[in-house]
Amino acid sequence: MGPLAAIGAGLAVIGAGLGIGRIGDSAMSGIARQPEATSKIQTAMIIAAALIEGVALFGVVVSLLVASN
Amino acid sequence: MKTVLKTFLLFATFTLGNLSLFASEGHGEESHDEKPFDAVEVIMHHIADAHEFHILDYTDDHGVEHPVSMPLPVILFTEGSLDVFMSSEFDHGHADVVKGNHTYRLDHGHIVELSGLHPIDLSITKNVFSMFLSMVILLIIFLSVGKGYRKGNTVPTGLASFMEPLVLFVRDDIAVPNIGEKKADKFLPYLLTVFFFIWVNNLLGLIPFFPGSANMSGNIAFTFTLAILTFIITNVNGNKDYWKHVFATPGVPLWLSPIMIPVELMGLIAKPVALFIRLFANITAGHIIILSLVSLIFIFKTIAIAPVSVGFVLFMNVLELFVAALQAYIFTLLSSLFIGAAVAEHDHH
Chain A
1 MGPLAAIGAG LAVIGAGLGI GRIGDSAMSG IARQPEATSK IQTAMIIAAA
51 LIEGVALFGV VVSLLVASN
Chain B
1001 MKTVLKTFLL FATFTLGNLS LFASEGHGEE SHDEKPFDAV EVIMHHIADA
1051 HEFHILDYTD DHGVEHPVSM PLPVILFTEG SLDVFMSSEF DHGHADVVKG
1101 NHTYRLDHGH IVELSGLHPI DLSITKNVFS MFLSMVILLI IFLSVGKGYR
1151 KGNTVPTGLA SFMEPLVLFV RDDIAVPNIG EKKADKFLPY LLTVFFFIWV
1201 NNLLGLIPFF PGSANMSGNI AFTFTLAILT FIITNVNGNK DYWKHVFATP
1251 GVPLWLSPIM IPVELMGLIA KPVALFIRLF ANITAGHIII LSLVSLIFIF
1301 KTIAIAPVSV GFVLFMNVLE LFVAALQAYI FTLLSSLFIG AAVAEHDHH
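Here the protein sequences line up with chains A and B, keeping their order.
Under this note's numbering, the letters of the first sequence match residues 1 to 69, in that order.
Under this note's numbering, the letters of the second sequence match residues 1001 to 1349, in that order.
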C-alpha cells in the first residue's frame, strides 16, 4: 500500500498546485489592472490559497494514514 | 517591565534548575553493526508526543549507546489511586516501574499496566509542557501590556506598541468585517485567544531544541479541541435566521427537506472539521518536510550534502515561520466568518 499512498499524495499535490496557480494567475492580472487594489487582492489571494491548501492536505493526511499502517 | 523580567527569570530558573539531564546506563545496545538509518522512524519519533524531551544519543568508547533526555512527570490514575513519578524511572523503556501493586511498562510511547488495568494517563508529556509554556508566555506578555492600559496611558509604550497593532488587526480586519460592529466585542476575547495561542504554539514547535521542540499544533487532539470550541460558540450563538437556514432553507420546497436537512447538517459539521484538519496537516507537514531534509544527510551518509540540505532547511524554516502566522490568521478568520454567519441579522426578502 505504500507506493499507492505516495502516488495519492502526489495527485493531491498536483491538485493543490493547479488550484493555487490559477489563483495566483488571476491575482496577478487583478493587480496589474488596478495596482491600488493590491493589498485587498493580496489578502483575498492568501485566504483562497489557504483554503485550497486545506483541501489538498485532506488528501495528504489520508495518504499518511494509509502509509503508516 | 522589571516585574515582567523578574517573573520570567523566576520561571526560567525554576524550569532549568530542575533540568536533570538523564543519561541512561546503556543496556547492552551495542551498535557495532550500523543499523540502516530509518528516516520514517526518526521523523515519527520527533513528531509524536513523548513522556520525555529526548535530546541526543551518544555512543561511548565501548560502542554502547546512551540516550540523553530530560524526563517529565508521569501521572497515572489507576482504579482510584494516583501514581506520580518521573519518566526517568522507565529508563528509556528498559525498566518496569512498580508502584504499590501496579507495574507499568513504557511500550512504544504508551504506558501499559502489566496486569491488564487501564490507567488514565494524565502525565505532563511534551505537548502538555509546551502548552503550559505557551500559556505562561502569553500571560506574561498580555498581562504586562494590559497593565499599561489600565494606568490610563492611551499611547502604548514598549511591548504594548508591538502588541497593539496586532490586536487592532484582529479586531479591525478579522472580527469587525465578519461579525459586524455591534457584536464583535462579544467574541473578540475568543478570537484574540485563538489567534495568539495558535501562533505562539506554532512558533514554539519550530524551535528545534528544548523547551520548544514539541509538535503541539500538529497534534490532532489540540486542533480538534479548538475546532470544537469554535463549533460550540458558533452554534450556541446562532439566532433564528441561522437555524432557519439550516432546517428550512428559504426557497426550497418542503418535499426536498429530507435531503436538504442532512446536507445542511453535514455542512455544519464539515466546517470545523476542515478547520482542524487544515491546521494539523499544515503544521505537521511542515515539520515532516524539515525533518526529512535534515535526514537527507543521514541517508546519504556524507557531509558533502550538508550545504544543500541546510540551505533547503533554512528556506523551509522561513516558510514555516510564515505558515505559522498564516495558519493562525486563517483559523481566526474562518472562526469569525462562521460566528458572523450565525449572528447575522439580515432583512429577509
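All C-beta atoms in this analysis are idealised placements derived from N, C-alpha and C, irrespective of residue type, glycine included.
Per the contact definition of three or more C-beta pairs closer than 8 Å, is the stretch 1107-1117 of chain B in contact with the stretch 1041-1056 of chain B? yes
Who are the neighbours of V61(A) on chain B, taking C-beta pairs under 8 Å? Against the first sequence, residue 61(A) aligns to sequence position 61. Under the 8 Å cutoff, chain B gives I1277, F1280, A1281.
Buried or exposed: where does T1230(B) fall if 16 or more other Cβ atoms within 10 Å of its Cβ makes it buried? Taking the second sequence and counting its residues from 1, the one referred to as residue 1230(B) is at position 230. Using a 10 angstroms sphere on the CB of T1230(B), the tally of other CB atoms reaches 16 or more, which defines it as buried.
Short of 9 Å Cβ to Cβ, which residues in the stretch 1188-1216 of chain B face chain A? none
If distances are taken between C-alpha atoms only, which option among F1197(B), L1143(B), V1040(B) comes closest to G77(A)? This structure cannot speak to residue 77(A), because chain A is shown only from 1 to 69.
Excluding the 5 residues flanking V1200(B) on each side, which residues of the same chain have their C-beta closer than 7 Å to its C-beta? Taking the second sequence and counting its residues from 1, the one referred to as residue 1200(B) is at position 200. These residues qualify, in order along the chain: S1134, I1137, L1138.
In chain order, what residues of the same chain lie with their CB nearer than 6 Å to the CB of A1227(B), ignoring the 5 residues before and after it? Numbered from 1 along the second sequence, position 227 holds the residue referred to as residue 1227(B). So the qualifying residues of the chain are P1272, L1275, F1276.
Nearest-angstrom Cα distance between V66(A) and A5(A)? Here residue 66(A) corresponds to residue number 66 of the first sequence, with the count starting at 1. Here residue 5(A) corresponds to residue number 5 of the first sequence, with the count starting at 1. Their backbone Cα atoms lie some 6 Å apart in a straight line.
Is P1303(B) close to chain A? Criterion is C-beta to C-beta, closer than 8 Å. Here residue 1303(B) refers to the residue found at position 303 when the second sequence is read from its first residue. Checking the displayed sequence, the identity of residue 1303(B) turns out to be Ile instead of Pro. For I1303(B), the answer is no, since every Cβ of chain A falls outside 8 Å of its Cβ.
For T1078(B), which residues in the same chain have their Cβ closer than 7 Å to its Cβ, ignoring the five residues on either side in sequence? Taking the first residue of the second sequence as 1, we reach residue 1078(B) at position 78. Taken in chain order, the residues that qualify are H1102, E1113, L1117, P1119.
Would the stretch 1165-1182 of chain B count as touching the stretch 1283-1290 of chain B if we require 3 or more Cβ pairs under 8 Å? no
Which residues in chain A have a C-beta closer than 9 Å to the C-beta of I1290(B)? List them in chain order. For the purposes of this step, residue 1290(B) is taken as residue 290 along the second sequence, with counting starting at 1. Per Cβ cutoff of 9 Å: no residues; I1290(B) is ~16 Å from chain A at best.
What's the C-alpha gap between T1302(B) and G54(A)? Numbered from 1 along the second sequence, position 302 holds the residue referred to as residue 1302(B). Numbered from 1 along the first sequence, position 54 holds the residue referred to as residue 54(A). Whole-angstrom Cα-Cα distance: 36 Å.
Rounded straight-line distance, which links the Cα of A1324(B) to that of L1203(B): On the second sequence, residue 1203(B) is found 203 positions in, with the first residue counted as 1. On the second sequence, residue 1324(B) is found 324 positions in, with the first residue counted as 1. So the alpha carbons of these two residues sit roughly 6 Å apart.
Express the C-alpha separation of L57(A) and S1031(B) in angstroms, rounding to a whole number. Mapped onto the second sequence, residue 1031(B) falls at position 31. Mapped onto the first sequence, residue 57(A) falls at position 57. Low local confidence applies: a pLDDT of 42 at S1031(B) is under 50, so the model's placement there is unreliable, and no value is given.
Name the two residues that bound the continuous alpha helix (DSSP H) containing T1103(B). Working through the second sequence from its first residue, we reach residue 1103(B) at position 103. No alpha helix (DSSP H) holds T1103(B); the beta strand (DSSP E) holding it covers 1102-1107.
Which chain A residues sit within Cβ distance under 7 Å of A1175(B)? Numbered from its first residue, the second sequence carries residue 1175(B) at position 175. Simply none; closest approach about 15 Å.
Short Cβ contact (8 Å threshold) for I1283(B) with S1335(B): Within the second sequence, the letter at position 283 stands for residue 1283(B). Within the second sequence, the letter at position 335 stands for residue 1335(B). Cβ atoms of I1283(B) and S1335(B): not closer than 8 Å.
Taking only runs of the beta strand (DSSP E) that begin and end inside the stretch 1107-1176 of chain B, which ones reach a length of at least 3 residues, in chain order? 1110-1113
Compile a chain-ordered list of the residues in the stretch 1310-1337 of chain B whose CB is closer than 7 Å to at least one CB of chain A. L1326, I1330, L1333
Taking buried to mean at least 16 other C-beta atoms within 10 Å of its own C-beta, is R28(A) buried or exposed? As a working note, residue 28(A) is residue 28 in the first sequence. It should be noted that the sequence gives Met, not Arg, for residue 28(A). Around the beta carbon of M28(A), fewer than 16 other beta carbons lie within 10 angstroms, which makes this residue exposed.
Hey, is A27(A)'s beta-carbon within less than 8 Å of any beta-carbon in chain B? Here the question's residue 27(A) lines up with position 27 in the first sequence. No - not a single Cβ of chain B is within 8 Å of the one on A27(A).
Spatial distance of S1213(B) from V1176(B) (CA atoms): Here residue 1213(B) corresponds to residue number 213 of the second sequence, with the count starting at 1. Here residue 1176(B) corresponds to residue number 176 of the second sequence, with the count starting at 1. Taking the straight line joining both Cα atoms gives about 35 Å.
Determine the chain A residues that contact A1285(B) at a beta-carbon separation under 7 Å, and present them in chain order. As a first step, residue 1285(B) must be located in the second sequence, where it is residue number 285. Near A1285(B) (Cβ distances below 7 Å), the residues of chain A are L57, V60.
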